[in-house]
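Protein chains: 2
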Amino acid sequence: MSDLERELDSRRDAHREALFDLLRIPSVSADSAYRAGIDRAADWLVDRFRGMGLTVDRIATSTHPIVYAESAPVAGAPTVLIYGHYDVQPPDPLDLWQSPPFEPTVRDGKVYARGSTDDKGQLLTHVLSAETWLATEGPLPIQLKFLIEGEEECGSEGLGELLDGKLSILGKPAMEGLKCDVAVISDTCQFAPGQPAITYGLKGIAYFQVDLVGPSIDLHSGSFGGAVTNPANTLARLLASLVGEDGRIRIPGFYDDVRPLTDDERRAYASLGFDENAFRAGIGVDGVTGEVGYTTLERKWARPTCDINGLWSGYQGEGAKTVLPSKAGAKFSFRLVPDQDPPKIAAALRQYLEAQLPPGIRMKLTEMHHAPAVIVPLDSPYVAAAADAIEQGFGRRPVFIREGGSIPVVTSFARKLGVDTLLLGWGQNDDAAHSPNEKFALEDFYRGIRASAALWRRLAADRA
Amino acid sequence: MSDLERELDSRRDAHREALFDLLRIPSVSADSAYRAGIDRAADWLVDRFRGMGLTVDRIATSTHPIVYAESAPVAGAPTVLIYGHYDVQPPDPLDLWQSPPFEPTVRDGKVYARGSTDDKGQLLTHVLSAETWLATEGPLPIQLKFLIEGEEECGSEGLGELLDGKLSILGKPAMEGLKCDVAVISDTCQFAPGQPAITYGLKGIAYFQVDLVGPSIDLHSGSFGGAVTNPANTLARLLASLVGEDGRIRIPGFYDDVRPLTDDERRAYASLGFDENAFRAGIGVDGVTGEVGYTTLERKWARPTCDINGLWSGYQGEGAKTVLPSKAGAKFSFRLVPDQDPPKIAAALRQYLEAQLPPGIRMKLTEMHHAPAVIVPLDSPYVAAAADAIEQGFGRRPVFIREGGSIPVVTSFARKLGVDTLLLGWGQNDDAAHSPNEKFALEDFYRGIRASAALWRRLAADRA
Numbered sequence: 134m135s136d137l138e139r140e141l142d143s144r145r146d147a148h149r150e151a152l153f154d155l156l157r158i159p160s161v162s163a164d165s166a167y168r169a170g171i172d173r174a175a176d177w178l179v180d181r182f183r184g185m186g187l188t189v190d191r192i193a194t195s196t197h198p199i200v201y202a203e204s205a206p207v208a209g210a211p212t213v214l215i216y217g218h219y220d221v222q223p224p225d226p227l228d229l230w231q232s233p234p235f236e237p238t239v240r241d242g243k244v245y246a247r248g249s250t251d252d253k254g255q256l257l258t259h260v261l262s263a264e265t266w267l268a269t270e271g272p273l274p275i276q277l278k279f280l281i282e283g284e285e286e287c288g289s290e291g292l293g294e295l296l297d298g299k300l301s302i303l304g305k306p307a308m309e310g311l312k313c314d315v316a317v318i319s320d321t322c323q324f325a326p327g328q329p330a331i332t333y334g335l336k337g338i339a340y341f342q343v344d345l346v347g348p349s350i351d352l353h354s355g356s357f358g359g360a361v362t363n364p365a366n367t368l369a370r371l372l373a374s375l376v377g378e379d380g381r382i383r384i385p386g387f388y389d390d391v392r393p394l395t396d397d398e399r400r401a402y403a404s405l406g407f408d409e410n411a412f413r414a415g416i417g418v419d420g421v422t423g424e425v426g427y428t429t430l431e432r433k434w435a436r437p438t439c440d441i442n443g444l445w446s447g448y449q450g451e452g453a454k455t456v457l458p459s460k461a462g463a464k465f466s467f468r469l470v471p472d473q474d475p476p477k478i479a480a481a482l483r484q485y486l487e488a489q490l491p492p493g494i495r496m497k498l499t500e501m502h503h504a505p506a507v508i509v510p511l512d513s514p515y516v517a518a519a520a521d522a523i524e525q526g527f528g529r530r531p532v533f534i535r536e537g538g539s540i541p542v543v544t545s546f547a548r549k550l551g552v553d554t555l556l557l558g559w560g561q562n563d564d565a566a567h568s569p570n571e572k573f574a575l576e577d578f579y580r581g582i583r584a585s586a587a588l589w590r591r592l593a594a595d596r597a
Numbered sequence: 134m135s136d137l138e139r140e141l142d143s144r145r146d147a148h149r150e151a152l153f154d155l156l157r158i159p160s161v162s163a164d165s166a167y168r169a170g171i172d173r174a175a176d177w178l179v180d181r182f183r184g185m186g187l188t189v190d191r192i193a194t195s196t197h198p199i200v201y202a203e204s205a206p207v208a209g210a211p212t213v214l215i216y217g218h219y220d221v222q223p224p225d226p227l228d229l230w231q232s233p234p235f236e237p238t239v240r241d242g243k244v245y246a247r248g249s250t251d252d253k254g255q256l257l258t259h260v261l262s263a264e265t266w267l268a269t270e271g272p273l274p275i276q277l278k279f280l281i282e283g284e285e286e287c288g289s290e291g292l293g294e295l296l297d298g299k300l301s302i303l304g305k306p307a308m309e310g311l312k313c314d315v316a317v318i319s320d321t322c323q324f325a326p327g328q329p330a331i332t333y334g335l336k337g338i339a340y341f342q343v344d345l346v347g348p349s350i351d352l353h354s355g356s357f358g359g360a361v362t363n364p365a366n367t368l369a370r371l372l373a374s375l376v377g378e379d380g381r382i383r384i385p386g387f388y389d390d391v392r393p394l395t396d397d398e399r400r401a402y403a404s405l406g407f408d409e410n411a412f413r414a415g416i417g418v419d420g421v422t423g424e425v426g427y428t429t430l431e432r433k434w435a436r437p438t439c440d441i442n443g444l445w446s447g448y449q450g451e452g453a454k455t456v457l458p459s460k461a462g463a464k465f466s467f468r469l470v471p472d473q474d475p476p477k478i479a480a481a482l483r484q485y486l487e488a489q490l491p492p493g494i495r496m497k498l499t500e501m502h503h504a505p506a507v508i509v510p511l512d513s514p515y516v517a518a519a520a521d522a523i524e525q526g527f528g529r530r531p532v533f534i535r536e537g538g539s540i541p542v543v544t545s546f547a548r549k550l551g552v553d554t555l556l557l558g559w560g561q562n563d564d565a566a567h568s569p570n571e572k573f574a575l576e577d578f579y580r581g582i583r584a585s586a587a588l589w590r591r592l593a594a595d596r597a
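Protein sequence lines, in the order shown, are assigned to chains A and B. Position one of the first sequence corresponds to residue 134 (the working numbering), numbered consecutively onward. Position one of the second sequence corresponds to residue 134 (the working numbering), numbered consecutively onward.
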């Protein structure tokens, strides 16, 4: 055991207290009533970084402040950008919490509090590993740049301004300030308790709203039914046409650019022992369906999908109203995989729907937002370094997993900084990130700090 | 011109004043704030019938009173039950009325007021024809029974109690009191201005709600999409499966009992000169669709249909929410034609939907309400009498039309009293029955009174 590791062990209580301090600050970003909490959380981080001797910039945005801090550059060694967020989800519904959301409480080795896993607990592992290093070993062996935003849970508007180059960092253009070799984010989950993971792929997204208009007003479904094209009937037909019986998306060309799962990937996923029964039980269903020819885990992580997110038309109240609706609409989205191109998908979708539109119906198709999928090559030296570091911190080699969701900042880092992001998640799937009784295992917190410190050392060693 | 016809002509002003008196009473049934108006309208009718020397019963129900009145039986002559309603729709939105809804105002030969066409103006034609007859010719040549309810616009709960035999009429069981040979209702429309009509068919209805439940809570559509059966996707698929590309309903057996349109009917409809361009323009669409092989009018009047009346699932607000909904639901209804049986349709539907249900989705199918179609044989002597009477009153022979809507009381009369109903509509399709600026042409009012008197005479003549 090195001096650093001994010091990390001896600081466990202090680290837990730091975590509790930050968790006590109610930095809910979506509700302006908590604005003071946002400022206090940003100030807390500024003070901590200053205490570590880093160069700090509290960047004002048109919304919530971004906290930036950097250590000194190290010639010949890589620069790592660590992203995290100090804001948290609203704590409602409060009555479902077993202990108050902003009074961190330990039960069964886990700290219960809003933000414990998402993302205060996870982001602090990197702050505290660096702090301990600086106190024990002297200067960091690589340059660290911390970029901690305050509105990840409500749209990241300020971060957008920064990444669009509208704000500066330490007096320099933002893109120059953020220059780095690789990014690290700890805001995801391990594969399972005791099985750490590196998330090497995220799906992209293309989200749409379709609005259909038929007759100019709602009509009596008796007097007009059968004689007039019903926009709700048409909507059902259009939406049903998106996915076939085999679970495959029927838009011509949709699969043209899909990068197939490799045999290695399929073997690796199969070896993970994904518990499908537990998965079903966890969401309360007795069966699942999806694209034929792929396992549930493959569909979840690595196959494109189409889901209706919202539907509306006509009468939604109690009882029976005999209305032939004037309007019908839906929100739906595709999750994309490499190398699908969202604008190409959007164009194919539009053509496909327009070709099916019957007389008497006008359609408005709105592209809400989109992002391509991202994937980190498994043969990247940074992935190898992260895997070694996790093995040191957690005592077990990580598995390589993907995630069906999107993390927009990862796409931004790839596009604007040209770097891959290492998604090193210390949380668990049942941490209730956006729900009452959010938690984070203290042991994973300490392991994460160890893995983080190991990562700085391992990346520095690559220099040699 | 007979004495009666001369007297009807000379009473035009008095009849208009009677209409205006009744229209001034705000008898809105759906809003308890208007309860005094309901009672005043019932009292007005009671007084009028008493003044005519009829035997009257003001029947209290658990909701609004029913006004019943009968003339003396005439041996060997038929008894006619005249149904109408003294309640009216709410007048909102008030600011769209050109003149106040309860201050009848004549513009361009039409009286504008709430209830003018639906149904005070139309029902009064029968009251005033009988009143004039009694004043001019002595006793009526047939027995008339008036059944005027006060909540046709809000569920007819009291009428239901009466027809279920829970209330009595003039001390006798209701079914005995309502005994008759034929029923007459004037609460529909002519085919077009200057072209009177007899509505000889009404569609039936079978109305359903389907509720689908997938995962026990809304899920993240990124993390879970493709791995879980989405109830909104399933709903779109189930609803789309109801109707084929050819506009035909795909439930096995659905058309088994459909009575085909006769060649005579199709010829008659084709000869009516239905203006499809005007129809499209009136509802603001550039085209219509429906079952292939049938004209718009045939589909509207005489072919079964399926319309979605309401739809809901997931996120309906602004912007994009990446939710995989836990629930999805819809209201939808079939309009039925003779001789389709609603319970048989319901059973076939349930079987059809259940067979398509994928793993991971639970379905609840609720039968909301249903009624079979009704049709009056065109060779009925009552239809012949009514056609002659309308020719006398309107100066033109009526055409025979059908209607896509249902009128539940017609079904009740057929089932419980075993009689056909003559639907003798004096209104026009653009009378705005449930809308601002409801109107009724005074000339149609006077013609209706003449036709009504002619009907009593013609039905009495059948006796000879």
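We put the beta carbon where it would ideally sit given N, CA and C, even for glycine. The structure displayed is predicted, hence computed values, not measured ones.
Per DSSP, valine 317 of chain B is one residue of the beta strand (DSSP E) stretching across 315-318. For the region 437-451 of chain A, the residues whose beta carbon sits under 9 Å from a beta carbon of chain B are, in order, Pro437, Thr438, Cys439, Asp440, Ile441, Asn442, Gly443, Leu444, Trp445, Ser446, Gly447, Tyr448, Gln449, Gly450.
Per DSSP, reduced to three states, the secondary structure at serine 446 of chain A is strand. Assignment of aspartate 190 of chain A by DSSP, reduced to helix, strand and coil, places it in the strand class. Note that the C-beta distance between leucine 335 of chain B and glycine 538 of chain B is below 9 Å. Per DSSP, glycine 217 of chain B lies in no alpha helix (DSSP H) segment; the continuous beta strand (DSSP E) that holds it begins and ends at 212-218. Burial is judged here by how many other beta carbons sit within 10 angstroms of a residue's own beta carbon; histidine 567 of chain B has fewer than 16 and is exposed. In the three-state reduction of the DSSP assignment, lysine 477 of chain B falls in the helix class. With 16 or more other Cβ atoms inside 10 Å of its own Cβ, alanine 210 of chain A counts as buried. Chain B places no beta carbon closer than 9 Å to that of alanine 401 of chain A, leaving this residue out of the contacts. Scanning its chain for C-beta atoms nearer than 7 Å, with the 5 sequence neighbours on each side dropped, one finds around glycine 380 of chain A the residues Thr422, Gly423, Glu424, Val425, in chain order. Counting C-beta pairs closer than 8 Å gives fewer than three between the region 466-477 of chain B and the region 392-411 of chain A, which falls short of the contact rule. Asp419, Gly420, Val421, Thr422, Gly423, Glu424, Thr429, Arg432, Lys433, Arg436: these are the residues of the region 419-436 of chain B whose beta carbon lies less than 7 Å from some beta carbon of chain A, given in chain order.
Between the C-alpha atoms of tyrosine 388 of chain A and valine 516 of chain A there is a straight-line separation of about 29 Å. Between alanine 463 of chain A and alanine 365 of chain B, the gap from beta carbon to beta carbon is short of 9 Å. For serine 301 of chain B, the beta-bridge partners assigned by DSSP are B/Pro306. By the neighbour-count criterion, in which 16 or more other beta carbons inside 10 Å mark a residue as buried, threonine 258 of chain B falls on the buried side. In this structure, DSSP gives leucine 490 of chain A a state outside helix and strand, which the three-state scheme calls coil. Between glutamate 571 of chain A and tyrosine 245 of chain A the beta-carbon gap is near 7 Å, inside 8 Å, which marks them as a contact. For threonine 455 of chain A, the secondary structure class from DSSP, reduced to helix, strand or coil, is coil. Take alanine 506 of chain B, set aside five residues on each side of it, and the residues of its chain with a beta-carbon closer than 6 Å to its own are Lys336, Gly337, Leu469, Val470, Pro471, in chain order. The region 283-290 of chain A makes no contact with the region 134-142 of chain B; the number of CB pairs closer than 8 Å stays below 3. In chain B, no part has a C-beta under 8 Å from the C-beta of valine 509 of chain A; the shortest such distance is about 18 Å.
Chain A has a Cβ within less than 9 Å of the Cβ of lysine 464 of chain B. Leucine 556 of chain B sits buried, since 16 or more C-beta atoms from the chains shown fall within 10 Å of its C-beta.
Of the other Cβ atoms in all chains shown, 16 or more fall within 10 Å of the Cβ of asparagine 363 of chain B; this residue is therefore buried. Setting aside the 5 residues that flank it on each side, proline 206 of chain A is surrounded in the same chain by Thr212, Gln276, each with a C-beta closer than 8 Å to its C-beta; the list follows chain order. At a cut-off of 9 Å between C-beta atoms, leucine 296 of chain B does not count as an interface residue with respect to chain A. Taking 9 Å as the CB threshold, methionine 496 of chain B stays off the interface with chain A.
Counting only the Cα atoms, glycine 217 of chain B lies some 31 Å from proline 348 of chain A. Secondary structure note for threonine 321 of chain B: it is in no alpha helix (DSSP H), with a DSSP letter that is neither H nor E. Nearest neighbour of aspartate 225 of chain B by Cα position, chosen from B/Glu576, B/Met185, B/Pro159, turns out to be B/Pro159. Going by DSSP, phenylalanine 467 of chain A is part of the beta strand (DSSP E) stretching over 460-469. In terms of Cβ geometry, valine 346 of chain A and serine 459 of chain A form a close pair [threshold 9 Å]. The Cβ atoms of serine 162 of chain A and leucine 273 of chain A do not sit closer than 9 Å to each other. Segment contact: the region 525-535 of chain A against the region 322-336 of chain A, three or more CB-CB distances shorter than 8 Å; contact assigned.
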